[in-house]
Amino acid sequence: MKEIQIVRDTVLNQQYAINDLYRYNLEQNKTYFIVTFGCQMNEHDSEKMMGLLELCGFKKADSEESADVVIFNTCAVRENAELKIYGNIGRIKKIKEKRDVILGLCGCMMQQKHIIEKIKKSYPYVDIIFGTHNYHELPMYINEVLFKKNKIVNLLEDSKAIIEDLPSKRKKGVKAFVNIMQGCNNFCTFCIVPYTRGREKSREYGDIIKEIEELVRSGVKEVTLLGQNVNSYSGGITFAELLEKINEIEGLERIRFMTSHPKDISDEVIDKFGKLEKLCEYLHLPVQSGSNEILKRMNRRYTHEAYLEKINKLKKNVPEMTFSTDIIIGFPGESEADVDKTIELIKEVEYDSAFTFIYSKRVGTPAATFDDDVSDDEKHQRFDRMLNALNDIVIRKNSERVGKVYEVLVEAVDDNTKLATGRSRENHLISFHAQNVSVGDLVDVTIVKAKKFSLEGEMI
Ligand code: SAM
Ligand code: SF4
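Its first residue numbered 9, the sequence shown is counted upward by one per residue in the numbering used here.
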């Protein structure tokens with residue numbers, strides 16, 4: 009905590025660049041478009057970049073085809089996310105041939121040296137490259153490219169700074185993501201995140217509370233606290249204490265958080281479920297595998313049994329609690345028996361949903377050097393087997409919900425069909441015919457029909 013530096017004067021430090029761009033945009037009316045790949049962390053970084061660009065007088069374009077500044081905020085977690093980026097950069101080249109467009113690349117992919125080399129060599133028309141630690145300097149970079157015709161490649165391997173004073177352009181709605189920490193110290197052997205996002209650093213709890221209070225004033229009813237491992241939050245109080253403080257915020261209705269590392273979710277946090285009235289009865293707890301052998305080689309530092317013990321404790325405290333998870337199939341050295349153990353765990357927990365992935369080799373991670381003797385065909389067959397087991401459970405559990413009553417936070421109401429959609433505290437997606445209902449209302453709904461992955465209800 010001590011060595012983390014909270015920075016509150018970023019906008020002030022770039023005032024000259026912001027002013028220059030603002031004056032230029034008064035006459036030129038230039039536009040921007042940011043395309044975001046990957047997780048909520050990237051989404052949130054993009055919201056801050058949008059806030060900064062609008063401070064500089066740029067207006068949001070309808071698409072990258074018409075924008076004067078195009079930024080791709082990239083993801084490096086799996087190979088297919090990376091491949092998509094190269095296709096996108098290629099498309100912008102055609103636009104650049106017809107008119108002036110500033111093309112910037114940022115995010116996790118740009119934290120990797122071999123990627124930067126490839127981009128410099130194969131895509132020399134990219135104007136700005138920056139990483140996950142310096143997106144807040146975007147006005148300065150655009151200023152350099154626009155007025156001095158310089159190209160920018162600016163990367164920091166890691167940073168101890170938490171940038172606090174950025175304007176953020178959030179999608180208007182009743183739900184918001186709030187970052188409570190950045191980076192990761194866990195080094196799971198398959199994962200690139202600790203190399204692209206650096207070491208853990210937590211925001212001070214006062215700043216988080218202030219941000220949520222402001223969000224509530226703007227109409228937000230539900231917040232999801234974000235971090236790669238929220239359990240190791242250390243911004244002056246523990247994560248459990250932070251939950252308590254947020255629970256006291258007047259006007260806020262619901263709290264969720266992600267992600268929790270199963271080895272770190274403490275009894276103190278587990279005990280908050282069922283006790284803090286705003287904390288929803290839903291937890292995303294990524295397991296990755298049900299096989300102890302694979303978990304060990306993934307460096308996850310828990311076992312199938314220890315994971316299940318935490319789930320059972322939560323189920324005992326709050327019987328209606330629901331769970332989701334992340335699962336990787338096809339990790340190097342995986343056997344059919346390892347997949348059986350994962351399916352066994354899926355049946356024991358009875359997840360309500362899961363993000364499921366086929367293992368993707370990431371350059372620079374320890375697992376990239378492991379012998380990978382599982383063929384692509386085998387990986388896909390195993391993946392389908394696991395997914396079928398998961399879907400059977402999700403569909404059965406949804407059908408058992410007919411006749412039950414859930415509190416729904418309304419997220420959208422279709423003007424034509426008057427169909428309202430929202431989520432229950434347990435995170436079920438529920439739709440129903442609205443009568444005098446607006447976005448942001450909390451409505452009790454009886455379930456009348458179970459679809460495969462959602463529910464239909466009637467207002468009480
Ligand atoms: N911090 C979170 C945690 O520990 O659960 C997860 C962050 S990661 C960006 C999201 C998910 O991507 C992981 O839980 C994992 O299932 C998946 N993932 C990460 N690296 C992967 C890889 N190399 N191949 C396939 N899936 C991967
Ligand atoms: Fe990646 Fe593991 Fe950190 Fe999650 S906890 S971000 S999976 S290294």
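Think of the CB as a built atom: it goes at the ideal place given N, C-alpha and C, for glycine as much as any other residue.
Predicted, not measured: the structure shown is a model, and the values here were computed from it.
Query	Result
Cα-Cα separation, residue 67 to residue 55	14 Å
Test item, CB below 6 Å from any non-hydrogen atom of the ligand SF4	192, 194, 195, 196, 199, 201, 202, 236, 237, 269
Any non-hydrogen atom of the ligand SAM within 6 Å of residue 452 CB	no
Where residue 302 falls, given that 16 or more other Cβ within 10 Å makes a residue buried	buried
Opening and closing residue of the alpha helix (DSSP H) in which residue 385 lies	384–407
heavy atom of the ligand SAM below 6 Å from residue 334 C-beta	yes
Rounded separation between residue 269 and residue 294 - CA only	7 Å
Identity of the residue in 245, 296, 297, 455 nearest residue 276 by Cα	245
Spatial distance of residue 23 from residue 128 (CA atoms)	30 Å
Presumed contact (8 Å Cβ cut-off) between residue 462 and residue 439, rounded CB distance	7 Å
Residue 452 versus residue 87 - alpha carbon distance	43 Å
Own chain partners of residue 394 with C-beta closer than 8 Å, once the 5 adjacent residues on each side are dropped	335, 337, 347, 350, 351, 354, 364
Residue 9, DSSP secondary structure in three states	Since pLDDT at residue 9 reaches only 43, below the 50 mark, its modelled position is unreliable, and no value is offered.
Start-end ranges of the beta strand (DSSP E) lying completely within the segment 171–236, minimum 3 residues	183–187, 230–234
contact_flag[the segment 145–158, the segment 199–213] where n(CB pairs < 8 Å) is 3 or more	no
Inter-residue Cα distance where the pair is residue 448 and residue 416	9 Å
For residue 152 and residue 120, the rounded distance between their alpha carbons	23 Å
Rounded C-alpha distance that separates residue 315 from residue 38	52 Å
Check: residue 368 C-beta below 6 Å from any heavy atom of the ligand SAM	yes
Euclidean distance between Cα positions of residue 289 and residue 411	19 Å
Residue(s) in a DSSP beta bridge with residue 160	136
First and last residue of the uninterrupted beta strand (DSSP E) at residue 341	First-last for residue 341: undefined, no H or E at that position.
Residue 115 to residue 243 span [Cα, whole Å]	24 Å
Local conformation of residue 112 per DSSP, three classes	strand
Contact under 7 Å by Cβ, residue 57 with residue 146	yes
Distance cut-off 6 Å: residue 86 Cβ against heavy atoms of the ligand SAM	yes
Within 7 Å, strictly: CB atoms of residue 4 and residue 362	The first residue shown for the chain is 9 and the last is 468, placing residue 4 beyond what the model contains.
Proximity test, residue 364 beta-carbon vs the ligand ZN heavy atom, cut-off 6 Å	Absence of the ligand ZN from the depicted structure is noted, with the ligand SAM and the ligand SF4 being the only ligands included.
Complete alpha helix (DSSP H) runs within the segment 272–317 (minimum length 4 residues, chain order)	275–278, 300–305
Outcome for residue 98 when other beta-carbon atoms lying within 10 angstroms are tallied against a minimum of 16	exposed
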